[in-house]
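Take 128 as the starting number for the sequence shown in this note's numbering and just add one per residue. We put the beta carbon where it would ideally sit given N, CA and C, even for glycine.
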Amino acid sequence: MSTADHLNIQPSELKFPFELRKQSSCSMQLTNKTDQYVAFKVKTTNPKKYCVRPNNGIVSPDSACNVTVTMQAQKEAPPDMQCKDKFLIQSVIAPNGATAKDISPEMFNREDGKVIEEFKLRVIYIPANPPSPVPEGSEEGSSPRASAVEEGNQSASLSDAVTRSLVEPLEKSSSSEAWSLMSKLTEEKAFALQQNQKLRQELEMMRREISKSQGGGGFSVMLVALIGLIGILFGYFIKKT
């Protein structure tokens with residue numbers, strides 16, 4: 128804090144977060160510690176680089192005024208981030224009831240025994256985004272990308288293992304059921320073929336009996352019914368096979 132008879136100025140240094148091609152601002156507070164009106168004016172060694180609002184004004188007794196300083200966007204950083212710019216704040220006792228419209232260059236002339244107080248503030252650049260601390264226990268030389276790839280590979284391996292553990296039992300179960308079904312169908316097919324062959328033989332025998340009966344002059348009703356039943360059974364087994 129800069130202090131004098133007229134004003135207290137806080138802070139005593141103007142610190143600007145510095146980032147290329149971006150504006151940056153900071154503020155200071157001028158506090159009147161007298162029982163009179165105080166006029167002030169702000170000057171800088173580099174007026175094209177900074178915008179000061181307000182750059183002059185009146186501070187009434189026991190009150191304060193906030194001043195905002197904006198640094199224009201810079202295309203390049205100074206060597207070692209060192210800045211030589213400075214600000215000068217001049218203050219003088221003003222007439223009672225004075226306003227900002229009453230301020231004139233003559234008010235700050237050192238004539239007629241006027242007391243002009245001056246305060247100098249230097250400019251300091253600070254990094255806009257300070258580097259984040261490195262977590263303890265991190266291995267030197269390891270990059271975040273390498274760690275991410277390693278974690279991705281571990282996740283993929285774990286996923287494959289889980290998939291195999293789920294699929295393999297299903298495959299084994301499905302294979303066992305398929306073999307059991309195929310074996311059952313094979314047995315049923317063999318039995319159906321056997322019955323079919325048996326029915327063919329019986330049908331052939333019946334045909335022979337019918338031929339003998341026709342040669343003898345006729346055949347019985349029972350024989351006809353038996354032939355029809357054999358035909359029905361034969362058709363059933365034919366469809367099943």
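With respect to the beta strand (DSSP E) encompassing residue i, which residues constitute its N-terminal and C-terminal limits?
i: Arg180; result: 177-180
i: Cys210; result: Per DSSP, Cys210 belongs to no beta strand (DSSP E) and is neither H nor E.
i: Glu244; result: 244-254
i: Ala191; result: 191-198
i: Ser135; result: With the sequence shown as reference, residue 135 is identified as Asn, and Ser is not the correct amino acid for it. 134-137 is the span of the beta strand (DSSP E), which, as asked, contains Asn135.
Under 9 Å between the Cβ atoms of residue i and residue j?
i: Ala204; j: Asn183; result: no
i: Glu140; j: Ala255; result: no
i: Asp229; j: Asp189; result: no
i: Thr172; j: Val179; result: no
i: Ile136; j: Lys168; result: no
i: Val186; j: Ser154; result: no
i: Ile157; j: Ser231; result: Inspection of the sequence shows that residue 157 is occupied by Leu rather than by Ile. Contact: no.
i: Gly240; j: Tyr164; result: no
i: Phe214; j: Tyr177; result: yes
i: Leu134; j: Glu244; result: yes
i: Pro181; j: Ala221; result: no
Does DSSP put residue i in a helix, a strand or coil?
i: Ser307; result: helix
i: Pro222; result: coil
i: Pro144; result: strand
i: Arg161; result: It should be pointed out that residue 161 corresponds to Thr in this sequence rather than to Arg. If DSSP states are grouped into helix, strand and coil, Thr161 belongs with coil.
i: Thr172; result: coil
i: Asp229; result: helix
i: Arg327; result: helix
i: Glu336; result: helix
i: Ala204; result: coil
i: Lys88; result: Absent from the structure is residue 88, since the part of the chain shown begins at 128 and ends at 368.
In its own chain, which residues sit with a C-beta less than 7 Å from the C-beta of residue i, not counting the 5 before and 5 after it?
i: Asp207; result: none
i: Ser307; result: none
i: Glu266; result: The predicted position of Glu266 is uncertain, since its pLDDT is 49 and thus under 50; a value taken from the coordinates is nonetheless stated next. None.
i: Lys371; result: Because the chain here runs from 128 to 368, residue 371 falls outside it and cannot be looked at.
i: Glu329; result: Ile357
i: Ser310; result: none
For residue i, which residues does DSSP report across the bridge?
i: Ile359; result: DSSP lists no partner for Ile359.
i: Gly184; result: Phe167
i: Ile216; result: Val169, Phe246
i: Gln322; result: Answer is none; Gln322 lacks a bridge partner.
i: Gln156; result: Gln137, Asn193
i: Ser151; result: Met198
Excluding the 5 residues preceding and the 5 following residue i in the sequence, name in chain order all residues of the same chain whose CB lies nearer than 6 Å to its CB.
i: Ser151; result: Phe143, Pro144, Met198
i: Asp212; result: Thr172, Asn173, Val250
i: Met333; result: Ile354
i: Ala200; result: Arg148, Lys149, Gln150
i: Cys210; result: Val250, Tyr252
i: Val276; result: Here Val276 scores only 49 on pLDDT, less than 50, and its place in the model should not be relied on; the value that follows carries that caveat. Contacts found: none.
i: Ala191; result: Gln156, Thr158
i: Pro138; result: none
i: Leu312; result: none
Consider the C-beta atom of residue i and the heavy atoms of the ligand COA; say whether any pair is separated by less than 8 Å.
i: Leu308; result: This structure lacks the ligand COA, and indeed carries no ligand of any kind.
Please list, in chain order, all residues of the same chain as residue i whose beta carbon is under 8 Å from its beta carbon, the five residues on each side excluded.
i: Lys374; result: Lying outside 128 to 368, the shown extent of the chain, residue 374 is not represented and no answer is given.
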